[in-house]
Amino acid sequence: MGKVTGFLEIDRQVHKYQPASDRIRHFREFTLPMSDKEVEKQAARCMDCGIPFCHGPTGCPIHNQIPDWNDLVYNGDWDNAIRNLH
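Take the position in the sequence shown, starting the count at 1, then add 603; the result is the number in my numbering.
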């Protein structure tokens, strides 16, 4: 699952946003996308919990297998990551 010590070594990166002065001019998406490399790096932060809370009833509301998805993204296997969500 990702990188076992990833959550210790890799800082959390939050999405960047367009400036408000630009956002008020349109109704499009205003979060700036991360590059594939940035997303893969963030996926490495999965903590590989013994019993992941993201799998339980209080975890993902649409029952996605978050640790599995993170691992696929971390390894650059985007096709299987998408299949895992469906």
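Yeah, the Cβ is synthetic: ideal placement off N, Cα and C, and Gly gets one too.
- Under the three-state reduction of DSSP output, residue 619 falls in the strand class.
- By the CB criterion at 7 Å, residue 643 and residue 677 fall inside the cutoff.
- One Cα belongs to residue 683, the other to residue 625, and the distance between them is close to 36 Å.
- If you compare the alpha carbons of 656, 636, 632 with that of residue 670, the shortest gap goes to 656.
- CA-to-CA, the gap between residue 646 and residue 627 works out to about 32 Å.
- Rounded to whole angstroms, residue 614 and residue 667 show a C-alpha spacing of 24 Å.
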